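> After the C-alpha cells below, expect a handful of questions from me.
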Amino acid sequence: MERSNTLQRIEKWLLRETGKAIADYNMIEEGDTVLVCVSGGKDSHTLLHLLRILQAKAPINFRLIAMNLDQKQPGFPAEILPAYFEKTGVDFRIIEADTYSVVKEKIPEGKTTCSLCSRLRRGIIYRTAKELGANKIALGHHRDDMVHTLFLNLIFGGKLKAMPPKLVTDDGAHVVIRPLAYCAESDIARYSRGMEFPIIPCNLCGSQDNLQRQKIREMMQEWDQKFPGRTEAVFSALQNVVPSHLADTQLFDFKGLKAGLTPLAEGDTLFDPPELPPMVAPRDPAADDFPLPVVAAT
8 MERSNTLQRI EKWLLRETGK AIADYNMIEE GDTVLVCVSG GKDSHTLLHL LRILQAKAPI
68 NFRLIAMNLD QKQPGFPAEI LPAYFEKTGV DFRIIEADTY SVVKEKIPEG KTTCSLCSRL
128 RRGIIYRTAK ELGANKIALG HHRDDMVHTL FLNLIFGGKL KAMPPKLVTD DGAHVVIRPL
188 AYCAESDIAR YSRGMEFPII PCNLCGSQDN LQRQKIREMM QEWDQKFPGR TEAVFSALQN
248 VVPSHLADTQ LFDFKGLKAG LTPLAEGDTL FDPPELPPMV APRDPAADDF PLPVVAAT
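Going by the working numbering, the sequence shown opens with residue 8, and the numbers climb by one from there.
Written as C-alpha cells, this is what we have:
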C-alpha cells in the first residue's frame, strides 16, 4: 500500500521516540526474546509494527513473539488477529482462557471489572512468557497512560506513583518494558488509522463510563485543550524528580537537615515563586521532518 507523506512522517516520529525510549532505559538487548502483548487495540498494533521495523534496523539481534489472549468474550472475533499475524509473517501465539466468565461471576453488574481482569491477564501473560522462554514482555502503554496513572494514584490513591517504562516482575523472572513511553496517544491514533490495523475493541474492561481512569482522561483532555502541552510537561516531571522538595522521609533525610550543611541543589525557594518556562504547544510530527535514531536499540 502506498502511504501518504503525512503517515510516513508520523511513522518516522514514532520510530524515533520508540527507539529513544528503548535506548534510554536499555529495554532490549542482544539475544532477548520479547513477548509482545497484542490485544487488538491501536496501541498494541502500533507497538508490534514499530518493533518489527526497529528489529530489522537494529545493530543487535532479538526475537519478537506476538501474543493475544482470547478471553472468550461474547462476540469476540477470534479469527481476525491470527489471520493478520499470518498475513504479515509474525511469529505469534493465541492463548485461550475464559477470564470473561470468571470476571462476570466475581464482579457484580455495574462494578468496575478492570482490576480483576488485569490480574488474571497478568498471570496468564507471565506463564506464557515462561513457557516460550521470553525474558522481556512488551506492553503498549504510551505517554498518556503513564501520566493518567500518575494522577489516578495521586488523586484517588494518595500516592506519587506512575507507570514505569521498565520494571521487573514480582517473581523476578521477567522484565516488563513499555517502548511507547515517549509516544503521544494522539500520534498513535493517527498512525493506527492510517495503517488500517484490524482493530478489536475491548467490551469487557476499560469501557465503563464511571471508571476513575476515564475521569482522569477527561481532566487531562480539558487541560490540554486550555493549555496545550500539559501532558508533555507532566511526563517531563516524572523524569525530573526532586526528593528534597517533597515530603517523603524515606527518600530524603529531613531529620538530618541542619544549618551549616551543603545547600540543596534546588536552593531555597520558600519566598520565591517557581520559575516556569513559557507554555509551548506540542510538536506535530506530521508537519515536521527529522532524522531517525542512528541506534534503534542498545
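Built from N, CA and C at the ideal position, the CB exists for glycine as well.
This structure is a prediction, so every number in the text was calculated from the model and none was measured.
Excluding sequence positions up to five away, which residues of its chain have a Cβ less than 8 Å from the Cβ of ILE87?
Here residue 87 corresponds to residue number 80 of the sequence shown, with the count starting at 1. Once the five neighbours on either side are set aside, the close Cβ partners of ILE87 are GLY47, PRO205 and ILE207.
> When the cut-off is 8 Å and only beta carbons count, does PHE204 lie next to chain C?
Of the protein chains in the structure, only one exists, and it is not chain C.
> Which residue wins for smallest C-alpha separation from SER251, given the options PHE259, ARG16 and LEU245?
For the purposes of this step, residue 251 is taken as residue 244 along the sequence shown, with counting starting at 1. Considering only alpha carbons, the answer is PHE259.
> Roughly how many whole angstroms lie between the Cα atoms of VAL241 and GLU24?
To locate residue 241, count along the sequence shown from 1; it is residue 234. To locate residue 24, count along the sequence shown from 1; it is residue 17. Using only the alpha carbons, I get a separation of about 17 Å.
> Are the CB atoms of ASP39 and ASN142 nearer to each other than 8 Å?
To locate residue 39, count along the sequence shown from 1; it is residue 32. To locate residue 142, count along the sequence shown from 1; it is residue 135. Contact flag set, yes.
> Please name the residue, chosen from GLU103, THR95, ARG70 and ASN68, that lies closest to ALA85 on a Cα-to-Cα basis.
For this step, residue 85 is matched to residue 78 along the sequence shown. Nearest of GLU103, THR95, ARG70 and ASN68 to ALA85, Cα basis: GLU103.
> Kindly indicate which residue of GLU138, PRO115, TYR107 and VAL249 has the alpha-carbon position closest to the one of ARG126.
Walking along the sequence shown from the start, residue 126 turns up at place 119. Among GLU138, PRO115, TYR107 and VAL249, the Cα nearest to that of ARG126 belongs to TYR107.
> Does DSSP put CYS121 in a helix, in a strand, or in coil?
Taking the sequence shown and counting its residues from 1, one reaches residue 121 at position 114. Correct three-state label for CYS121: helix.
> Just reading off the alpha helix (DSSP H) that THR106 is part of, what are its end residues?
In the sequence shown, residue 106 corresponds to position 99, counting from 1. Here the alpha helix (DSSP H) through THR106 covers 106-113.
> Buried or exposed: ASN12, going by 16 or more other Cβ atoms within 10 Å of its Cβ?
Reading the sequence shown from its first residue, position 5 is the one you call residue 12. Burial call: exposed.
> Which first and last residues belong to the alpha helix (DSSP H) in which LYS173 is found?
Indexing the sequence shown from 1 puts residue 173 at position 166. Premise fails: LYS173 lies in the beta strand (DSSP E), 173-175, not in any alpha helix (DSSP H).
> The alpha helix (DSSP H) spanning ASN160 covers which residue range?
Taking the first residue of the sequence shown as position 1, residue 160 is located at position 153. Note, ASN160: alpha helix (DSSP H), 150-164.
> GLU203 by DSSP, collapsed to three states: which one?
Start at 1 with the first residue of the sequence shown, and residue 203 comes out as number 196. Looking at GLU203 - three-state DSSP - the assignment turns out to be coil, as it is neither helix nor strand.
> If we ignore side chains and look at the alpha-carbon of each, how far apart do LEU264 and VAL248 end up?
Residue numbering aside, residue 264 sits at position 257 when the sequence shown is read from its first letter. Residue numbering aside, residue 248 sits at position 241 when the sequence shown is read from its first letter. Going by the C-alpha atoms only, they are around 19 Å apart.
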